[in-house]
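Remarks on the structure that follows.
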Amino acid sequence: MDEANLHERLQELREQIRYHNYRYHVLADPAITDPEFDRLNRELLEIETAHPEWVTPDSPSQRVGAALSERFEKVAHPAPILSLGNAFAFDNVRAWLDRIARVDERALGSDFTLEPKLDGLSVVLHYRDGLFVQGATRGDGEIGEDITPNLRTVQALPLRIPIGRPDGGKPLEPPPYLVVRGEAFFYLDEFERINARLQEAGERTYVNPRNTAAGTLRQLDPKLTASRPLTLLVYQIVAAGGPIPPTQWETLRYLEALGFPVPEAELCDSLDAIEPRLEVWAERRQKLNFEIDGMVIKINRHEVFASLGVVGKDPRGAIAYKFPAQEVSTALLDIGINVGRTGVLTPYAILDPVEIGGVTVRQATLHNFDYIEEKDIRIGDRVLIKRAGEVIPYVIGPLPGARTGVEQVFTPPVVCPSCGEPVSNLPEEVAWYCVNARCPAQLVRTLEHFVGRSALDIIGLGIKIVEQLVDEKLVRDPADLYTLTKEALLELEGFAEKKAENLVASIQASREQPLARFLNALGIRGVGEVMAADLARRFTDLDALATTTVEDLTAIEGVGPNIAQAIVEWFGRPANRNLLEKFRGVGFWPVAEAAGSGDAAQTLAGKTFVITGTLSAPRNEFKELIERHGGKVVGSVSGKTDYLVAGEDAGSKLDKAVALGVAVIDEKALRDLASG
Ligand code: IVH
25 MDEANLHERL QELREQIRYH NYRYHVLADP AITDPEFDRL NRELLEIETA HPEWVTPDSP
85 SQRVGAALSE RFEKVAHPAP ILSLGNAFAF DNVRAWLDRI ARVDERALGS DFTLEPKLDG
145 LSVVLHYRDG LFVQGATRGD GEIGEDITPN LRTVQALPLR IPIGRPDGGK PLEPPPYLVV
205 RGEAFFYLDE FERINARLQE AGERTYVNPR NTAAGTLRQL DPKLTASRPL TLLVYQIVAA
265 GGPIPPTQWE TLRYLEALGF PVPEAELCDS LDAIEPRLEV WAERRQKLNF EIDGMVIKIN
325 RHEVFASLGV VGKDPRGAIA YKFPAQEVST ALLDIGINVG RTGVLTPYAI LDPVEIGGVT
385 VRQATLHNFD YIEEKDIRIG DRVLIKRAGE VIPYVIGPLP GARTGVEQVF TPPVVCPSCG
445 EPVSNLPEEV AWYCVNARCP AQLVRTLEHF VGRSALDIIG LGIKIVEQLV DEKLVRDPAD
505 LYTLTKEALL ELEGFAEKKA ENLVASIQAS REQPLARFLN ALGIRGVGEV MAADLARRFT
565 DLDALATTTV EDLTAIEGVG PNIAQAIVEW FGRPANRNLL EKFRGVGFWP VAEAAGSGDA
625 AQTLAGKTFV ITGTLSAPRN EFKELIERHG GKVVGSVSGK TDYLVAGEDA GSKLDKAVAL
685 GVAVIDEKAL RDLASG
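Residue numbers (my numbering): 25 to 700.
Listed below in structure tokens is the structure:
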């Protein structure tokens with residue numbers, strides 16, 4: 025290709041990546057698979073590496089990798105970044121309207137937008153000639169901090185507006201200067217994933233998604249920000265160098281048309297119309313994958329909104345209706361300790377059961393031993409508990425005023441509560457570990473993972489039975505499962521002929537599972553479902569993988585030096601080698617599926633899926649499974665959807681699928697479809 029053609033190709037690639045990124049992160053409706061998307065990015069990088077002089081700040085390649093900075097520069101906002109007054113009951117909302125109608129009586133006949141109040145961090149984004157040039161925190165409302173490199177890593181943030189229109193229609197022309205405001209936050213499942221990773225690495229976990237978002241955005245190292253998938257919703261135009269729509273509702277539509285992710289909002293023509301919607305949202309809130317702490321009611325017409333003015337930092341034209349806090353206080357009866365698969369000890373609160381948002385909470389996480397000390401949480405304290413969405417509830421802290429003097433300071437254990445061996449910690453880490461390789465609690469967790477749905481998927485082998493098997497010493501490592509006999513199982517409580525037979529059969533059936541699942545099952549640090557599939561594609565048998573080198577591994581895309589090191593170390597450890605030999609001995613030696621083809625069978629090619637409800641694993645894992653097999657996952661159900669994968673508590677998507685006659689399947693049926 026000559027230079028001119030190459031440059032053209034570069035621009036075409038950027039256009040495509042921008043568009044597909046938008047489909048994925050803003051519309052949640054991807055049009056191509058992840059591997060296809062990766063290919064486009066790789067080609068872009070190749071061209072840019074050969075031609076660094078062609079790199080522009082709005083290139084999709086520029087989202088990551090900015091250098092570490094010393095401190096944040098100050099940015100003056102073009103207009104004050106205001107806050108909101110609060111209402112805690114609907115009467116307060118009515119009183120608000122009466123009050124502001126005395127300032128401008130047009131408020132009385134006004135219509136309103138109703139928007140979720142996102143519990144994240146306000147950010148202010150500057151665009152010049154359609155290019156994202158600067159992003160800042162709210163700061164004191166007048167002056168914020170320049171966090172541009174960090175914001176560039178947020179995939180939902182358009183680096184350039186407008187986004188190309190898929191129908192090739194004439195794109196909207198943004199004003200030459202546009203400053204918008206939005207909220208950056210984490211999806212709850214991402215938050216849990218970050219914490220799970222931190223915990224496994226023995227590092228300090230985050231207390232809640234909001235703090236995580238704050239910590240992530242105010243990172244001086246954008247690479248760290250990039251490693252954590254923050255997202256964004258934009259809801260306001262702060263300043264513009266040209267005409268903007270006259271109402272908030274149209275502003276949201278306009279921002280959306282430019283390519284910004286906008287919150288789902290409603291247009292209501294009176295307060296009476298709003299009241300029932302608040303209840304609907306209070307209900308929906310429990311199911312959302314992000315935290316909202318209320319709903320924002322805004323006077324729709326900008327002119328009226330502006331004429332109402334500001335009191336202190338709160339515009340009169342809007343109010344936040346706060347949901348009842350998902351926080352309650354209860355007695356901390358005791359502190360329990362969980363021993364994880366890697367031996368990490370995690371304290372949790374054993375609570376006097378309380379109801380929060382319709383769910384009875386009996387336990388809550390205490391993060392780590394330092395947290396208990398820092399917050400001075402004592403056994404017998406009244407503690408404040410918070411629950412949001414599906415996230416594990418956590419202890420916010422004690423209510424020291426309620427102390428009676430009988431509370432007891434907690435001392436971290438010096439021995440493992442499961443095996444009684446001394447615990448140890450690493451100087452750099454907050455976590456304490458049980459380092460006994462034969463610790464029964466670790467074995468239970470190891471087995472739980474081994475037989476789990478994303479691993480060997482042994483049906484009928486739940487945690488209770490795993491515990492029984494370990495307690496009765498019938499199983500000392502995962503390979504022992506394969507020599508379990510019906511007779512041995514019959515000795516266990518609760519086992520009759522049929523149940524024992526079924527369990528033996530389903531364990532034996534798992535011998536057919538492909539290498540990828542087996543590798544995931546081994547629980548090597550950093551090797552999850554996706555990585556295991558990548559490895560199985562490269563190494564068709566275990567022997568090849570067991571003798572590989574860090575160098576060979578890092579040559580595989582997506583395998584960094586840390587994971588490569590962890591893999592090599594895992595296979596180097598004598599205990600693990602013995603375990604593998606034991607598997608060989610029992611005749612379970614999995615091989616890669618579809619050997620030679622290199623890729624998973626494209627059993628789902630051409631099929632469109634929507635995933636909803638609570639599943640046994642994060643949704644992403646199912647999405648990856650579908651995409652690996654050539655299927656596509658979209659965000660909403662339509663006549664074009666082939667299957668709705670519905671977990672527990674599926675809501676409106678399920679109703680819609682049923683109404684449209686879309687096939688509704690569960691996880692198991694999905695796996696069956698995928699395996700052909
Ligand atoms: S409007 C004049 N809309 O809530 C505009 N704020 O407690 C005033 N927030 O600082 C803000 N979602 O960070 C607005 N849909 C939404 C919002 C929202 C979240 C945050 C924002 C603000 C805080 C006020």
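Don't be surprised by glycine CBs; every beta carbon is placed ideally from N, CA and C.
Query raised in the report: Which of the three DSSP states, helix, strand or coil, is assigned to residue 633?
Result: Note: residue 633 maps to strand in three-state DSSP.
Query raised in the report: Any idea which residues DSSP pairs residue 156 with across the strands?
Result: Beta-bridge pairing links residue 156 to 151.
Query raised in the report: Based on the DSSP output, what are the partners of residue 463 in its beta bridges?
Result: Per DSSP, residue 463 has no beta-bridge partner at all.
Report task. Would you check if the distance between the CB atom of residue 669 and the CB atom of residue 691 is smaller than 8 Å? Result -> Cβ atoms of residue 669 and residue 691: closer than 8 Å.
Query raised in the report: Can we say the segment 318-326 touches the segment 256-276, given the rule of at least three CB pairs closer than 8 Å?
Result: Because the criterion of three Cβ pairs below 8 Å is met, the segment 318-326 and the segment 256-276 touch.
**Report entry** Range covered by the beta strand (DSSP E) that runs through residue 139
**Finding:** Start and end: 136-142.
Query raised in the report: Who's in the neighbourhood of the ligand IVH, going by beta-carbon under 5 Å from any heavy atom, listed in chain order?
Result: Contact residues of the ligand IVH (beta-carbon closer than 5 Å to any heavy atom; chain order) are 106, 107, 108, 139, 141, 142, 146, 207, 259, 320, 339.
Query raised in the report: Which one or two residues does DSSP pair with residue 255 in a beta bridge?
Result: Paired residues: 209.
**Report entry** Buried versus exposed, by CB contacts within 10 Å (16 or more), residue 442
**Finding:** Result: buried.
**Report entry** Coarse secondary structure for residue 621, derived from DSSP in three states
**Finding:** Residue confidence for residue 621 is low, a pLDDT of 38 falling below 50, so the modelled location carries little weight; the figure read from the coordinates is stated next. In the structure shown, residue 621 sits in coil (DSSP, three-state: anything other than H, G, I, E or B).
**Report entry** Inter-residue spacing [alpha-carbon to alpha-carbon] between residue 373 and residue 696
**Finding:** Residue 696 has its alpha-carbon roughly 39 Å from the corresponding atom of residue 373.
Requested in this report: Leaving out five residues on either side along the sequence, give the residues of the same chain with a beta carbon under 7 Å from the beta carbon of residue 112.
Outcome: Cβ within range, chain order: 346.
Query raised in the report: Leaving out five residues before and five after residue 50 in sequence, what residues of the same chain have Cβ atoms less than 6 Å from its Cβ?
Result: Cβ within range, chain order: 180, 285.
**Report entry** Pairwise C-alpha distance: residue 351 and residue 223
**Finding:** Rounded to the nearest angstrom, the two C-alpha atoms are 24 Å apart.
Query raised in the report: What do you get for residue 25, buried or exposed, if any count of 16 or more other CB atoms within 10 angstroms of its CB means buried?
Result: It is exposed - the Cβ of residue 25 has fewer than 16 other Cβ atoms within 10 Å.
Requested in this report: Reducing DSSP to helix, strand and coil, say where residue 475 ends up.
Outcome: DSSP places residue 475 in the helix class (H, G or I) of the three-state scheme.
**Report entry** Closest Cα partner of residue 234 within the set 475, 263, 143
**Finding:** If you compare the alpha carbons of 475, 263, 143 with that of residue 234, the shortest gap goes to 143.
Query - Rounded straight-line distance, which links the Cα of residue 581 to that of residue 626 - result: In this structure, the CA atom of residue 626 is about 21 Å from the CA atom of residue 581.
Query raised in the report: Rounded to a whole number of angstroms, what is the C-alpha to C-alpha distance between residue 457 and residue 370?
Result: Whole-angstrom Cα-Cα distance: 9 Å.
**Report entry** Where residue 22 falls, given that 16 or more other Cβ within 10 Å makes a residue buried
**Finding:** Lying before the first or after the last residue shown, residue 22 is absent from the chain, which here runs from 25 to 700.
Query raised in the report: Where residue 255 and residue 568 are concerned, what is the direct C-alpha to C-alpha distance, given to the nearest angstrom?
Result: Looking at the two C-alpha atoms, the distance is approximately 40 Å.
Query raised in the report: From what residue to what residue does the beta strand (DSSP E) around residue 656 run?
Result: Bounds of the beta strand (DSSP E) holding residue 656 are 656-658.
Query - Neighbourhood of residue 446 by C-beta, 6 Å cutoff - its chain only, sequence neighbours within 5 removed - result: Contacts found: 439.
Query raised in the report: If we count the other Cβ atoms within 10 Å of its Cβ and call it buried at 16 or more, is residue 343 buried or exposed?
Result: Residue 343 should be labelled buried.
Requested in this report: Grab me the residues of residue 228's own chain with a C-beta within less than 6 Å of its C-beta, minus the 5 sequence neighbours each way, in chain order.
Outcome: Hits under 6 Å: 454.
Query - Assigned exposure category for residue 89 - 16 Cβ within 10 Å defines buried - result: The pLDDT assigned to residue 89 is 47, lower than 50, so where the model puts this residue is not dependable, and the model offers no usable value.
Query raised in the report: Going by other Cβ atoms of all chains shown within 10 Å of its Cβ, with 16 needed for buried, is residue 198 buried or exposed?
Result: Label assigned to residue 198: buried.
Query raised in the report: Going by the CB atoms, is the gap between residue 321 and residue 140 shorter than 8 Å?
Result: The criterion of a C-beta distance shorter than 8 Å is not satisfied by residue 140 and residue 321.
Query raised in the report: Out of 220, 337, 560, 385, which has the shortest C-alpha to C-alpha gap to residue 364?
Result: Looking at the Cα atoms, 220 is the closest of the given residues.
Query - Alpha-carbon spacing of residue 622 relative to residue 560, whole angstroms - result: Low confidence applies here, because residue 622 scores a pLDDT of 42, under 50, leaving its location unreliable; read the following figure in that light. Distance between residue 622 and residue 560, taken at the CA atoms: about 9 Å.
Query raised in the report: So the alpha helix (DSSP H) residue 116 belongs to, where does it begin and stop?
Result: Residue 116 -> alpha helix (DSSP H) spans 114-125.
Report task. Decide if residue 416 is buried, meaning its Cβ has at least 16 other Cβ atoms within 10 Å, or exposed. Result -> Classification for residue 416: exposed.
Query - Contacts around residue 699, its chain only, beta-carbon distance under 6 Å, and the 5 residues preceding and following it disregarded - result: Setting aside the 5 residues that flank it on each side, residue 699 has no residue in the same chain whose C-beta is closer than 6 Å to its C-beta.
Requested in this report: Let me know the beta strand (DSSP E) ranges lying completely inside the segment 31-119, each 3 residues or longer, listed in chain order.
Outcome: Counting only runs of 3 or more, we get 98-100, 109-111.
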